[in-house]
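As you go down the protein sequences, you meet chains W and B in turn. Take the first sequence: its position 77, counted from the start at 1, is 77 in this note's numbering, and no numbers get skipped. Take the second sequence: its position 49, counted from the start at 1, is 49 in this note's numbering, and no numbers get skipped. C-beta atoms are modelled at their ideal positions from N, C-alpha and C, and glycine is treated no differently. Since the structure comes first, as structure tokens, the remarks are kept for the end.
2 protein chains.
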Amino acid sequence: MAKRVRPARIGISDVASKAGVSLATVSRVMNGNFRVDPEIAARVREAATELKYQPNPMGRNLARGKTDTIGVVVPDLGNPTFQGVLRGVSRAAAHDGYRVLIADSSEVSSEESILAGEARRRCDGVVLCAPRMSSSELEELAPSLHPLVLVNRTTDADDSPSVIVDYGQGIQDLAAHLSGLGHTRIAYVSGPESSASNALRLAGLEKFTRTNPHIELTILHSGSTFEDGYESAGDVVESGATGILAFNDLTAMGLLSSLNELGIKVPEDLSVTGFDDIPFARYTTPPLTTAAVPITAVGEHAWAQMRDLLNGTSTTESVEVFQPHVVSRGSTGAPASD
Amino acid sequence: MAKRVRPARIGISDVASKAGVSLATVSRVMNGNFRVDPEIAARVREAATELKYQPNPMGRNLARGKTDTIGVVVPDLGNPTFQGVLRGVSRAAAHDGYRVLIADSSEVSSEESILAGEARRRCDGVVLCAPRMSSSELEELAPSLHPLVLVNRTTDADDSPSVIVDYGQGIQDLAAHLSGLGHTRIAYVSGPESSASNALRLAGLEKFTRTNPHIELTILHSGSTFEDGYESAGDVVESGATGILAFNDLTAMGLLSSLNELGIKVPEDLSVTGFDDIPFARYTTPPLTTAAVPITAVGEHAWAQMRDLLNGTSTTESVEVFQPHVVSRGSTGAPASD
DNA sequence: AGATTTTGAGAAAGCGTTTTCTCAATCCCA
DNA sequence: TGGGATTGAGAAAACGCTTTCTCAAAATCT
Numbered sequence: 001m002a003k004r005v006r007p008a009r010i011g012i013s014d015v016a017s018k019a020g021v022s023l024a025t026v027s028r029v030m031n032g033n034f035r036v037d038p039e040i041a042a043r044v045r046e047a048a049t050e051l052k053y054q055p056n057p058m059g060r061n062l063a064r065g066k067t068d069t070i071g072v073v074v075p076d077l078g079n080p081t082f083q084g085v086l087r088g089v090s091r092a093a094a095h096d097g098y099r100v101l102i103a104d105s106s107e108v109s110s111e112e113s114i115l116a117g118e119a120r121r122r123c124d125g126v127v128l129c130a131p132r133m134s135s136s137e138l139e140e141l142a143p144s145l146h147p148l149v150l151v152n153r154t155t156d157a158d159d160s161p162s163v164i165v166d167y168g169q170g171i172q173d174l175a176a177h178l179s180g181l182g183h184t185r186i187a188y189v190s191g192p193e194s195s196a197s198n199a200l201r202l203a204g205l206e207k208f209t210r211t212n213p214h215i216e217l218t219i220l221h222s223g224s225t226f227e228d229g230y231e232s233a234g235d236v237v238e239s240g241a242t243g244i245l246a247f248n249d250l251t252a253m254g255l256l257s258s259l260n261e262l263g264i265k266v267p268e269d270l271s272v273t274g275f276d277d278i279p280f281a282r283y284t285t286p287p288l289t290t291a292a293v294p295i296t297a298v299g300e301h302a303w304a305q306m307r308d309l310l311n312g313t314s315t316t317e318s319v320e321v322f323q324p325h326v327v328s329r330g331s332t333g334a335p336a337s338d
Numbered sequence: 001m002a003k004r005v006r007p008a009r010i011g012i013s014d015v016a017s018k019a020g021v022s023l024a025t026v027s028r029v030m031n032g033n034f035r036v037d038p039e040i041a042a043r044v045r046e047a048a049t050e051l052k053y054q055p056n057p058m059g060r061n062l063a064r065g066k067t068d069t070i071g072v073v074v075p076d077l078g079n080p081t082f083q084g085v086l087r088g089v090s091r092a093a094a095h096d097g098y099r100v101l102i103a104d105s106s107e108v109s110s111e112e113s114i115l116a117g118e119a120r121r122r123c124d125g126v127v128l129c130a131p132r133m134s135s136s137e138l139e140e141l142a143p144s145l146h147p148l149v150l151v152n153r154t155t156d157a158d159d160s161p162s163v164i165v166d167y168g169q170g171i172q173d174l175a176a177h178l179s180g181l182g183h184t185r186i187a188y189v190s191g192p193e194s195s196a197s198n199a200l201r202l203a204g205l206e207k208f209t210r211t212n213p214h215i216e217l218t219i220l221h222s223g224s225t226f227e228d229g230y231e232s233a234g235d236v237v238e239s240g241a242t243g244i245l246a247f248n249d250l251t252a253m254g255l256l257s258s259l260n261e262l263g264i265k266v267p268e269d270l271s272v273t274g275f276d277d278i279p280f281a282r283y284t285t286p287p288l289t290t291a292a293v294p295i296t297a298v299g300e301h302a303w304a305q306m307r308d309l310l311n312g313t314s315t316t317e318s319v320e321v322f323q324p325h326v327v328s329r330g331s332t333g334a335p336a337s338d
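This is the structure in structure tokens:
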């Protein structure tokens with residue numbers, strides 16, 4: 001049998017011999033980090049393009065000890081928030097010649113640490129979105145993930161930078177919006193117990209009620225999905241509140257949907273707010289009043305932090321905070337004057 | 001100065017010396033592909049866990065010539081369709097121990113080929129979503145991307161498998177739905193000229209009008225985004241059609257939004273359909289009648305094809321086609337009987 | 001013109017694994 | 001019990017690059 005001609009990925013040595021120089025020289029002109037005679041450089045480049053030489057990233061990675069790739073771990077690729085973060089990171093990173101590896105834990109948070117660790121080993125760093133991970137687990141995990149940037153989390157046991165959204169302030173603004181419209185009985189349809197950003201919202205609300213003692217606040221328990229919102233309608237109605245702060249846009253939309261089926265008018269009977277301003281928040285019926293979060297910017301800044309970390313140009317331990325701003329739309333109005 | 005203790009990533013050789021065996025043996029027990037004395041294996045494993053040894057993927061990749069990673073190239077990470085594909089691929093791949101590298105061309109299709117090539121070099125294969133790439137460019141590119149699976153594209157110059165959605169049939173079903181409601185003047189707000197799936201829709205409609213000669217079809221030109229839909233309202237009204245087939249849900253929503261502002265009632269004055277059934281299609285006002293596309297399933301099957309390709313278990317050149325099914329919601333109804 | 005510095009390219013040593021290739025030890029059966 | 005088969009582990013050769021290390025040639029200085 002004829003010896004099978006090897007699949008012929010052309011390598012650096014092919015270019016070297018074609019150009020009549022050594023491997024080292026080819027590498028040098030390809031990476032341009034050392035002075036090399038212009039004429040020889042030209043010859044090498046010509047040989048390279050002629051052979052359509054493309055350096056093999058695996059060899060490069062191993063030799064340089066880096067991959068030009070960062071990992072982004074998210075709990076749910078179906079969630080608009082994480083999609084936004086991912087998009088922001090991916091585009092910003094691409095702009096600097098880096099690629100993004102996805103690690104979607106699909107909400108099984110027990111896998112999150114393992115997934116993150118694996119991503120870290122394959123990449124030069126990781127951007128971690130793990131809103132449900134316990135603080136202790138995070139503290140334990142973080143050091144092994146350096147360089148690491150946290151999204152919507154902070155931890156003081158580790159000096160990794162964070163980029164976070166001020167959910168506490170945002171929910172206060174929303175509550176103030178409702179209060180400003182005349183609502184005094186307000187209910188918060190809270191998110192998952194273990195959610196860090198939910199805790200932030202609760203803290204914000206506590207602050208709000210402290211400074212606005214006339215407000216009667218009820219805390220209802222729910223989750224973070226459309227369905228959770230849908231199912232919370234009963235509790236919401238029962239609460240007697242006229243202004244409803246939903247955990248996020250998804251739950252708000254679920255709630256809206258359910259209220260509509262129950263014949264309860266928004267905003268005439270009940271005012272409802274969301275949180276995040278996901279792309280479709282403006283198209284609900286009625287359009288959703290919400291606190292807009294510039295989520296892709298969060299992703300972009302997460303990359304900026306990562307870049308600084310990788311370049312060693314990182315400023316001292318930084319946490320960047322984004323302020324949501326309330327967008328008043330049709331789902332809120334003055335309470336019924338009964 | 002004290003010799004800086006090397007950052008001490010522990011490697012296979014550390015395990016080897018700790019267990020008193022050779023590198024080769026450690027590798028063998030870690031990969032379990034060769035018989036090795038149980039007692040020695042135990043010793044190695046113990047040493048490994050004790051040192052928390054984690055094989056370095058770069059070394060592995062180079063030695064094995066594979067990365068356990070596939071690239072997914074999409075034109076726009078902000079588009080729900082590609083998000084869905086990405087999610088499907090990512091989850092299915094993760095299930096088989098593969099990771100996904102994102103390549104978002106951000107709609108600059110001139111970069112698409114380069115991006116795809118780069119992704120291919122870094123990964124074991126690529127899933128390509130490139131609805132706007134010209135056939136000739138695709139044909140030229142495809143061979144260099146093997147193993148490759150195409151999403152919503154086919155090419156006969158290359159034997160790569162495809163998983164596609166039957167947009168032609170879907171739009172016909174939608175047209176039939178409108179026709180069934182009594183509409184005879186129908187307008188299609190078409191997508192980007194260069195879009196392959198738009199061409200499919202056009203072909204489907206042509207077939208539809210051939211078999212339904214009494215239907216008066218107008219083709220309007222638009223694009224694929226919400227804004228495109230919004231801006232098409234004028235043309236739509238001018239067309240005199242009573243049933244509007246929008247390119248996709250996004251444009252349908254934009255159209256809906258604009259029509260609402262113009263005081264045109266849907267579905268009383270105009271019936272509107274979308275395409276895709278993105279997660280929010282059911283929450284528009286009125287809820288959008290559309291052709292549902294099981295988009296994450298498309299992604300999952302794209303992975304399945306890729307897996308077969310990688311395993312060499314690929315059945316002969318296959319193209320898997322998914323049928324959309326129309327979901328009738330509130331945005332369509334009988335035409336006004338003027 | 002001889003001594004000294006610069007410049008530039010080749011040789012070779014990694015990078016951390018996997019995978020032959022080898023060969024000693026054990027096993028099996030006549 | 002001796003010779004051929006197995007079995008199992010170590011040595012060493014890839015994998016495809018980057019980056020020292022070295023050293024000859026060219027350039028600069030006295």
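Any idea what DSSP makes of residue i, helix, strand or coil?
{"i": "residue 82 (chain W)", "result": "helix"}
{"i": "residue 91 (chain B)", "result": "helix"}
{"i": "residue 107 (chain W)", "result": "coil"}
{"i": "residue 67 (chain B)", "result": "coil"}
{"i": "residue 334 (chain W)", "result": "coil"}
{"i": "residue 325 (chain B)", "result": "strand"}
{"i": "residue 277 (chain B)", "result": "coil"}
{"i": "residue 2 (chain B)", "result": "The predicted position of residue 2 (chain B) is uncertain, since its pLDDT is 36 and thus under 50; a value taken from the coordinates is nonetheless stated next. Here residue 2 (chain B) sits in coil by DSSP."}
{"i": "residue 134 (chain W)", "result": "coil"}
{"i": "residue 251 (chain W)", "result": "helix"}
{"i": "residue 285 (chain B)", "result": "coil"}
{"i": "residue 154 (chain B)", "result": "coil"}
{"i": "residue 98 (chain B)", "result": "coil"}
Which residues in the same chain have their Cβ closer than 8 Å to the Cβ of residue i, if we skip the five residues on either side of it in sequence?
{"i": "residue 96 (chain B)", "result": "303, 307"}
{"i": "residue 231 (chain W)", "result": "222, 254, 258"}
{"i": "residue 293 (chain B)", "result": "81, 165, 170, 275, 276, 277, 322, 324"}
Alpha carbon to alpha carbon, how far is residue j from residue i? Give it in angstroms, no decimals.
{"i": "residue 243 (chain W)", "j": "residue 235 (chain B)", "result": "41 Å"}
{"i": "residue 322 (chain B)", "j": "residue 165 (chain B)", "result": "5 Å"}
{"i": "residue 30 (chain W)", "j": "residue 45 (chain W)", "result": "8 Å"}
{"i": "residue 5 (chain W)", "j": "residue 56 (chain W)", "result": "In this prediction, residue 5 (chain W) has a pLDDT of 40, which is less than 50 and means its spatial position is unreliable; nothing more can be read from the coordinates."}
{"i": "residue 122 (chain W)", "j": "residue 35 (chain B)", "result": "28 Å"}
{"i": "residue 330 (chain W)", "j": "residue 174 (chain B)", "result": "32 Å"}
{"i": "residue 215 (chain W)", "j": "residue 180 (chain W)", "result": "11 Å"}
{"i": "residue 336 (chain W)", "j": "residue 274 (chain W)", "result": "20 Å"}
{"i": "residue 325 (chain W)", "j": "residue 189 (chain W)", "result": "20 Å"}
{"i": "residue 183 (chain B)", "j": "residue 251 (chain B)", "result": "21 Å"}
{"i": "residue 26 (chain B)", "j": "residue 71 (chain W)", "result": "28 Å"}
{"i": "residue 288 (chain W)", "j": "residue 62 (chain W)", "result": "51 Å"}
{"i": "residue 249 (chain W)", "j": "residue 148 (chain W)", "result": "29 Å"}
{"i": "residue 112 (chain W)", "j": "residue 298 (chain W)", "result": "21 Å"}
{"i": "residue 92 (chain B)", "j": "residue 237 (chain W)", "result": "41 Å"}
{"i": "residue 1 (chain B)", "j": "residue 9 (chain B)", "result": "Reliability fails at residue 1 (chain B), whose pLDDT of 36 lies under 50, so the model's placement of it is uncertain and no value is given."}
Based on DSSP bridge pairs, tell me the residues matched to residue i.
{"i": "residue 15 (chain B)", "result": "Residue 15 (chain B) pairs with nothing; no bridge assigned."}
Ordered along the chain, which non-local residues of its own chain (more than five positions away) have a Cβ less than 7 Å from that of residue i?
{"i": "residue 115 (chain W)", "result": "73, 103, 105"}
With a CB to CB cut of under 6 Å and the five nearest residues on each side skipped, what residues in its chain are close to residue i?
{"i": "residue 79 (chain B)", "result": "none"}
{"i": "residue 41 (chain W)", "result": "29"}
{"i": "residue 120 (chain W)", "result": "126, 145"}
Contact set between the segment 47 to 66 of chain B and chain W, restricted to residues whose Cβ is under 8 Å from the partner: From the segment 47 to 66 of chain B, only 54, 56, 57, 58, 59, 61, 62, 65 have a Cβ closer than 8 Å to chain W.
Near-chain B residues of the segment 70 to 85 of chain W - C-beta to any C-beta below 7 Å: Cβ contacts with chain B: 77, 78, 83.
Positions along the segment 215 to 246 of chain B whose CB lies within less than 9 Å of some CB in chain W: Within the segment 215 to 246 of chain B, the qualifying residues are 226.
Proximal residues, the segment 265 to 292 of chain W versus chain B, C-beta separation under 7 Å: Closer than 7 Å at the C-beta level to chain B, one finds these residues of the segment 265 to 292 of chain W: 280, 283, 284, 285.
The segment 94 to 109 of chain W: positions lying closer than 8 Å to chain B by Cβ: Listed in chain order, the positions of the segment 94 to 109 of chain W with a beta carbon within less than 8 Å of a beta carbon of chain B are 94, 99, 100, 101, 102, 103, 104, 106.
Interface residues of the segment 185 to 200 of chain W facing chain B [CB-CB below 8 Å]: Of all residues in the segment 185 to 200 of chain W, none comes within less than 8 Å of chain B when Cβ atoms are compared.
Positions along the segment 246 to 261 of chain B whose CB lies within less than 9 Å of some CB in chain W: With the criterion set as a beta carbon lying under 9 Å from some beta carbon of chain W, the members of the segment 246 to 261 of chain B are 253, 256, 257, in sequence order.
Chain W contacts from the segment 115 to 137 of chain B (Cβ-Cβ distance under 7 Å): Against chain W - using a Cβ distance shorter than 7 Å - the residues of the segment 115 to 137 of chain B are 121, 122.
Chain W contacts made by the segment 27 to 43 of chain B, where a contact means CB separation under 7 Å: Listed by position along the chain: nothing, the set is empty.
Contact set between the segment 300 to 332 of chain W and chain B, restricted to residues whose Cβ is under 8 Å from the partner: Here the close residues number zero.
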